[in-house]
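Engineer:
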Amino acid sequence: MTGITVQDVADAGLEDWRLLASGLHARFRTADMTVGAALLAGVVAAAEELDHHPDVTLRRREVDVALVSHDVGRVTSRDLRLARRVSDLAAEHGATAQPHLLAEVEVALDTADLAAQGPVWAALLTGDAHAVDGDDVADPRHRVPLLWFQGTDAHATPRQRFHLDVWVPHDVADERIAAAVAAGARVVDDGPAPSFTVLADPEGNRVCVCTALGR
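The UniProt record's numbering puts the first residue of the sequence shown at 1, with every later residue one more than the last.
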């Protein structure tokens, strides 16, 4: 199985779903928590049948579903199959997809010494100094955002070291960037768009608005 792209999701007719940093995501608005719980039960049953298990969050009037094939570390055709089943279940329960509300935040830290920095932040964020996978510190229990390390040359403080990566659906990015600019941000670099666009706040702190398109 190969990695799934934005075009693959569109070709599969999965209008409810969007690719973000950590996988394939959907959010469904329900009439109330009882309906959400019934939808959740249906998702669990479908996951057991397909032997492919998503991450699901139930709120008072929302159900969030995240899909990724953990054994290969990317979205695959298995996720597309389960996504289709989940969307069918949502429709049966009168739940409405809200892809425009999806977002995900990662934290990036510039460092010239990953070997020294990685264990410190892994211990702080997860309690395990060895929880560094490549350039990432990822909490398997999803209690904290993923932290990834961006290689850089050695430099003195106060040059910015941290920045946020704000992942949004590819069809929301332009609107989100425009809203930030209207609020006082400025575009620093849009050359890599739509993969990511670098913005700065009024004091110069930078943030990347990221999408899965073009990756």
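Just so you know, even glycine gets a beta-carbon here, dropped at the ideal spot from N, CA and C.
Can you list, in chain order, the residues of its chain whose CB lies under 7 Å from that of D190, leaving out five sequence neighbours each side?
Structural biologist: Start at 1 with the first residue of the sequence shown, and residue 190 comes out as number 190. Result list for D190: T197, in chain order.
Engineer: Taking only runs that begin and end inside the region 123-199, name each unbroken beta strand (DSSP E) of 3 or more residues, in chain order.
Structural biologist: Taking only runs of at least 3 residues, the beta strand (DSSP E) segments lying wholly in the region 123-199 are 147-151, 162-167, 186-189.
Engineer: Determine the burial state of V68: buried for a count of at least 16 other Cβ atoms within 10 Å of its Cβ, exposed for fewer.
Structural biologist: As a working note, residue 68 is residue 68 in the sequence shown. So V68 counts as buried.
Engineer: In three-state DSSP terms, what is W121?
Structural biologist: On the sequence shown, residue 121 is found 121 positions in, with the first residue counted as 1. DSSP places W121 in helix when its eight states are reduced to three.
Engineer: Start and end of the beta strand (DSSP E) containing A31?
Structural biologist: Walking along the sequence shown from the start, residue 31 turns up at place 31. That residue, A31, is in no beta strand (DSSP E); it is neither H nor E in DSSP.
Engineer: May I have a chain-ordered list of the beta strand (DSSP E) segments no shorter than 3 residues that lie completely inside the region 83-121?
Structural biologist: As far as the region 83-121 is concerned, its whole beta strand (DSSP E) runs of at least 3 residues are 104-111.
Engineer: Pull up the DSSP beta-bridge partners for A26, would you.
Structural biologist: As a position in the sequence shown, residue 26 is number 26, starting the count at 1. Answer by DSSP bridge pairing, in chain order: V65.
Engineer: Tell me the residue span of the beta strand (DSSP E) that contains V9.
Structural biologist: Counted from its first residue, the sequence shown places residue 9 at position 9. Counting along the chain, V9 falls outside any beta strand (DSSP E), though it belongs to the alpha helix (DSSP H) covering 6-11.
Engineer: Drop a sphere of 10 angstroms on the beta-carbon of T34, count the other beta-carbons inside from all chains shown, and report buried for 16 or more, exposed for fewer.
Structural biologist: If you number the sequence shown from 1, residue 34 lands on position 34. So T34 ends up on the exposed side.
Engineer: Roughly how many whole angstroms lie between the Cα atoms of T30 and E15?
Structural biologist: For the purposes of this step, residue 30 is taken as the residue at position 30 of the sequence shown. For the purposes of this step, residue 15 is taken as the residue at position 15 of the sequence shown. About 17 Å.
Engineer: Of the choices S22, D8, G94, whose alpha-carbon is the least far from that of R81?
Structural biologist: Counting from one through the sequence shown, the residue named residue 81 turns up at place 81. Measuring from the Cα of R81, the nearest candidate turns out to be D8.
Engineer: Based on Cα-Cα distance, which residue from A91, S22, P169, S77 lies nearest to L147?
Structural biologist: Position 147 of the sequence shown, counted from the start, is the residue given in the question as residue 147. Answer by Cα proximity: S22.
Engineer: Quick one: Cα of L20 to Cα of Q117, how far?
Structural biologist: Here residue 20 refers to the residue found at position 20 when the sequence shown is read from its first residue. Here residue 117 refers to the residue found at position 117 when the sequence shown is read from its first residue. Near 26 Å, if we compare the C-alpha coordinates of Q117 and L20.
Engineer: Can you tell me whether DSSP reads V207 as helix, strand or coil?
Structural biologist: Walking along the sequence shown from the start, residue 207 turns up at place 207. Strand, per DSSP.
Engineer: Could you give the residue range of the beta strand (DSSP E) that holds R18?
Structural biologist: Looking up residue 18 in the sequence shown gives position 18. R18 -> beta strand (DSSP E) spans 18-20.
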